[in-house]
Amino acid sequence: MSARRTSRRVLKSTVALAAAGAVALSPVLPLAQEYQPAALDPVAIRVGATADYTRVEFAGVVGARSRVSIDGRRVVVRIGTTAAPDVSRLKVDPPAGVEAVETRSVQGATELVLTLAEGAEARTGVADGAVFLNLYAPGRAPQAAQAQPAPTTAVAAVPVRTQATADALTLSFDWPQQVGAAVFRRGDAVWVVFDAPAKLGLAPGADLGPAGPARWAAGPDYVALRIEAPKSLPVAASAEGGVWTVRLGGGTVASGGVSVDRDPAGEPSLVFNMAGSGRAIWLTDPVVGDRFAAVTAIGPAKGFGRRRRTMDLHVLPSAQGLAIETVADDLSILADGDRVVLSRPSGLILSPPSALLEVADAGDHAPRKASHPAMISPDWAAPAEGGFVARHRKLQAEAAEEGAAAADDPRAPVEKRLALARFLVGSGLGHEAVGTLNALVAAQPNLLGEAEVRGLRAAARISIGRLDEALADLSGAALSGDPSAKAWLGLIATRQGDWEEARRQFAASAAVIDGFPPEWRARFGCAHALAALELGDVEAARSLLAYALSQPIGAAEQLQIRLVQARLFEKTGELDKASAVFAAVGKAPLDSVAVPARLGVIRIGLARGTISPKDAATELETLRWRWRGDATELEVIRTLGQLYLSQGLYREALTALRAAGPRMATMPGGVELQADVQAAFRMLFLEGGADGLQPIQALGLFYDFRELTPIGADGDEMVRRLARRLIDVDLLDQAAELLKYQVEQRLDGVAKAVVATDLAVVYLMDRQPEAALQAIWSSRTTLLPSALNAERRALEARALMDLGRLDHALEVLGDDASPAALEVRAEVLWKQESWAAAGAVYERLLGDRHLDAATPLTPVEESRLIRAGVGYSLGNDDAGLARLAQRHAPFVERARSADAIRIALYDPLTLTSPSGLAAAIQSSSTFTGWVEGARTRFRERTPAVAAQTQTGGATPAAPPAQSSPAA
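In our numbering, the protein residues as written are 23 to 989.
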C-alpha cells in the first residue's frame, strides 16, 4: 500500500514538473502557434515569441485602432473599449524584458501599461490589419534600418526613325527589348500596336511621305499608332531583335505565317495558329467610334493574308499579328502560346464540319440521314434481304473499308461509318453504336461539331443509361434549338425527376415525336405522362397514356405504361383499380416493372391497413435486394426506413436509409431520401428520440452514424447533448473527445471559449489538469461575459492547484471574490497549510447560511463547515472557532457527518491525533461535491450554450468516422 502511494506521489511530481516546464518554455513557441482567429472579436490580443523578441498584436475591429505611446520604460496601449481585455497570459508569463503588466480604466477606453526592464526596448507599428508591439530584452534590439525609397516604374521612351520618299514611308521603332506587335490596315488608316507601354518619339512635324498625319495613344499596357494612308499603299512589317520596321508603299509584299482552322475538339470556335502570340488589345477607332481587337505576336513578322468573315466576326488582312472586328459583346479572344482561340459562350455560328468533307454515297441499302439530327428513323432497323445479321455484316465491312481508306485525311468521307451508327442506334444496340461513334470522333475530332454525330451518340447513350454523357452531347451548340434533341432532353429530365423541365422539353418536341419509331413514341409518351402526373395534371397524363398505349409495341413496353397508369389510379383515389393493376404487373417476370408494382401493392396495403408494418418490412427487405440502382430502390429504402422508425427500430432504420449513400443522391427521390436520413438522425439526437436509450447505446448509435451529423449549430448542439449524457454516467474520455473536436475544428471566438470551458471541466473531473490548462489557454479571447471569465479563471487556478503550483494558482485568482474563485482559493490555502486563512475563506463561503437553521446543511455545506473548523483549530484561531461553533450549533444533530462536525467545532484536541484528523478530513472532501456540482451545471447549461454558439464553414460537427470512440 505504501509503495502504491509512493508511486502515485512520484507520478504526480513528474507530471507537475513536466507541466511547469511546458509553461516555462511557452514564451519561445513560434508566433504561428500562438495565433488565435479573431476575425469576429472586437479586441483580440495575440502573443508570440521568437528567440529575439516577443510580439504582442492587437487585432479585431476595436483592437486594430489601438494607440501605442512609449515614454521611457513605460509602454501604454490605449484600447477603445471600456471592457477590460483578457491579459492574464501577459500577467502570468510576462515577456522577456517586461517587469510588470497592468490594466487601468480611463474615460471611454482601457489602457494596458507595460513596464520595461532596464535596457529593454519596445517598437510598434501596423501590419496585416493589426497594431503590433515588439518587445526586446535588454541588449537584443536590432539596429534601426534606414528607409529605402520605393522604386518607381518609368514608361520607356521609344525612338521612332522615319525615312520618306514620294511613294513610300519606312518607320523604325527602336525598343530596348523584344515586344509583340500587330500591324494592319483598317479603312483609310494603318495601325501599329505594341503590347508594352511607351512614349513614341515621333516628331510632330516629321516628313511621312505619301502618308497622312499620325496619332498615337497609350494605355497602361500598350501603345498604338494610327497613320492615315491611301488604300493603294501596301503594308509590310519586319523585326530584328527589339527593332520593328513598318513599310508603307514600295511594292506589294505577300504576308503569311498565320493559319486558321476549326477547334479540333469539335467546339464551335476558330483557332488561329500564330507562333509567339502575345495578347488581345481592345481599341476604339477615333474616327469610326467602334471597338475592335488587335492580337500581337513577337518577331519574326507573320500575318494573316486574307479576309475571313463569319456571322460573328471579321478578320482583317494583316502584315503582323491579327486584327478582329465584331459586333458581338461577348466575343472571347484567348492567346495561348502559338494558338489564338476565338469563341463565344454560345459558340460561333459556323458551317457544319461535314460541309468540308468529300461527298460519298453509302448505297441504297444503307440507313439514310433522318430529317432531324437527333431523330431515329423508323426504317433504320428495317430488315433487308438476308435479315439482320447479313445487313449488319455488310454495313460493318463497308464502314471498316472507309475507315481504312481515310487514314489521317481530315476531309475523308464518313457516310458509311455514319450509316453503320444509324443502323446500330435504330436496332437498339447502344453500346455498339457508342463505340462506333467514338472511333469516328477519335479519327476526325472536328466531327464533334456535327449535329448528327452528337444526336446519334446522345440517343445511344440514353438507351444504355449514360444520362450525364448524353446530356453533354445534347447541350452542344450544334443541337441548340433542335426539336428532336428536346425529346431526349425531356426523357433525361423525367429520369432525373425534374418534372417541370421534362414537360417544357416534351412540349418543345411535340412536332417531331411522331417521326420516331413506335417504341420510342410510346416511351416518350409514357415519360411525359409521368411528368404530368407528378405535377398534378391528371387529364394530360390520361391523354398521354392513351397515346402511348395506342402504339404497336411489345409486352415489356406495355407493362411500363400500365405501371404509370396504376399510379394514375392511385393518385385519383381509385385504389381498387390501382391495386389490381399493381398486382397484375407485379407478377411479370421482369423485375424492372415487377418490383415497383409490388411496392405499390405494399403502399396501398399499408394505407388501407390490410398489411401489418412488420410484414411490409419483411417484404420490402426482399425487394431492396431484388432491384437496385434507380429511383425504385430509393423509394423502397424510404418506405422501409419509415416503417422501422415507426416501430422504434432506430438502428435498422438508419442502416436502411443510409444504404443508398451518395452514389444515388442525384436520382429522383435522392434529395428526399437524404432529408429522411437527416430528419431521423435529428429526431434521435436533437429532439430527444434517443433519450430512452442507455447512454452507452446512444453513444454507439451516434458513432456508427456520425457522418450524418449536420453542419452548423444543430450538429454542435447534438454533440453537446450527447456529451452531457456521457458525463452523467462517467464516460469522461468519450465526452472529452466530442468536446475537443468542437473546440479545435468547429468554433471560434466566444463560442469556442464557452465549449472549451466545458472541456476543461470534464478534464478536471477526469483528473487531467494539464489537458484542462491547454483547453483554457488555447481558447483565450476578449470581451467574454464576466461570469464566464470568472469561471475560466477559477478552472485555470484549480488545474494549477492539481499540478501542485499553488502560488501560481493564487496569482491567477488575483482579487477575484466570486464563489468559484473563493472555493479554489480555500482549497489552495488548505493545501499550503495556511489553516487560519483557509478556515476564514470556508466560513465566507458559508455566508449567512446559519440564519436558516430550519433547513439541514447540504453535503457541500457540511464539508465547508468541517474544513472551516479544522482550519481555525489548526491555525489556533480560537475566536474564529468559537464564532463558527456558536452560529452552526443548531445544524449538528441533523447533519450527515455529525461526528466529524463535533470533532471540528467542539473537540479540537482530537485533531492533534492522526485518527481524529483523518476522520475530519475524510468527511470534508470537496472534490466529490465539486464534481456533482459540475454535473448539475452541465444539465442546466447545455440548452443555453447551444443558443449562444454559432459556427461557420462546412466542417463536420463530430470527429471523423475513422477514429474510435475512445480515441
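Using N, Cα and C, we set each Cβ at its ideal position, and we do this for glycine too.
Counting C-beta neighbours from all protein chains within 10 Å, is the total for residue i 16 or more, i.e. buried, or is it exposed?
i	result
Gly869	exposed
Val268	buried
Arg916	exposed
Lys221	exposed
Asn156	buried
Pro539	buried
Asn468	buried
Trp521	buried
Val560	exposed
Glu121	exposed
Gln790	buried
Lys508	buried
Arg476	buried
Leu748	buried
Trp304	exposed
Thr640	exposed
Ser340	buried
Gln669	exposed
Arg415	exposed
What's the gap between the Cα of residue i and the Cα of residue j?
i	j	result
Val863	Tyr666	58 Å
Asp495	Ala218	42 Å
Glu990	Leu511	A query on residue 990 cannot be resolved here, the shown segment of the chain reaching from 23 to 989 and no further.
Pro64	Gly85	6 Å
Glu792	Ala758	14 Å
Ala530	Pro400	21 Å
Leu379	Val265	Confidence in Leu379 is poor, its pLDDT being 47 and thus under 50, which makes the residue's placement too unreliable to answer from.
Ala549	Gln587	12 Å
Leu446	Leu645	34 Å
Glu643	Ile633	15 Å
Glu424	Val411	20 Å
Asn991	Arg87	Residue coverage of the chain in this structure runs from 23 to 989, which leaves residue 991 outside it and unanswerable.
Thr994	Arg704	Only positions 23 to 989 of the chain appear in the structure, and residue 994 is not among them; the question remains open.
Asp358	Ala302	11 Å
Thr274	Pro505	52 Å
Ala13	Pro235	Outside the modelled stretch of the chain, which goes from 23 to 989, sits residue 13, for which no answer is possible.
Phe913	Val777	39 Å
Arg96	Ala139	9 Å
Val90	Thr146	7 Å
Ala190	Gly498	51 Å
Ala1013	Gly327	Residue coverage of the chain in this structure runs from 23 to 989, which leaves residue 1013 outside it and unanswerable.
When you compare each of the options to residue i by their alpha carbons, which one comes out closest?
i	options	result
Arg847	Ala816, Glu674, Leu442 and Gln796	Ala816
Ala316	Asp189, Val214 and Leu470	Val214
Leu335	Gly343, Lys324, Arg328 and Glu347	Glu347
Ala577	Arg366, Ala775, Val607 and Ala428	Val607
Val99	Ala139, Ala73 and Val153	Val153
Leu270	Pro256, Leu581, Ile626 and Tyr75	Pro256
Thr654	Pro635, Asp352, Ala675 and Ala616	Ala616
Val772	Gly102, Pro252, Ser801 and Gly722	Ser801
Once you ignore the five residues that flank residue i on each side, which residues in its own chain have a CB closer than 7 Å to its CB?
i	result
Ser254	none
Gln185	Thr192
Leu906	Glu865, Ala890, Gly891, Tyr894 and Leu927
Ala941	With a pLDDT of 49 at Ala941, under the threshold of 50, the predicted position of this residue should be treated as unreliable, though the coordinate-derived value follows. So the list reads Ala922 and Ile925, once near-sequence residues are dropped.
Arg564	Leu590
Val109	Ile67, Val123, Thr125 and Leu134
Ala562	Ala554
Thr594	Val560
For residue i, I'd like the list of residues in its chain whose CB is within less than 6 Å of its CB, leaving aside the five on either flank, ordered along the chain.
i	result
Met333	Ile371
Less than 7 Å separating the Cβ of residue i from some heavy atom of the ligand ADP?
i	result
Arg650	This structure simply doesn't include the ligand ADP, nor any ligand for that matter.
So is residue i in contact with chain C if we call contact Cβ pairs under 8 Å?
i	result
Val214	The structure shown contains no chain C, having only a single protein chain.
Excluding sequence positions up to five away, which residues of its chain have a Cβ less than 8 Å from the Cβ of residue i?
i	result
Asp613	Arg648 and Trp649
At which residue ranges does the segment 556-614 contain complete beta strand (DSSP E) runs of 3 or more residues, listed in the order of the chain?
none
Would you list, in sequence order, the uninterrupted beta strand (DSSP E) runs of no fewer than 3 residues that lie entirely inside the segment 327-413?
335-338, 340-342, 344-348, 354-358 and 361-365
Would you list, in sequence order, the uninterrupted beta strand (DSSP E) runs of no fewer than 3 residues that lie entirely inside the segment 271-332?
281-284, 292-295, 299-306 and 313-319
Quick one: which unbroken alpha helix (DSSP H) runs of 4-plus residues sit fully inside the segment 471-556? Chain order, please.
473-485, 489-496, 505-517, 521-530 and 540-556
At which residue ranges does the segment 703-785 contain complete alpha helix (DSSP H) runs of 4 or more residues, listed in the order of the chain?
717-726, 735-750 and 754-763
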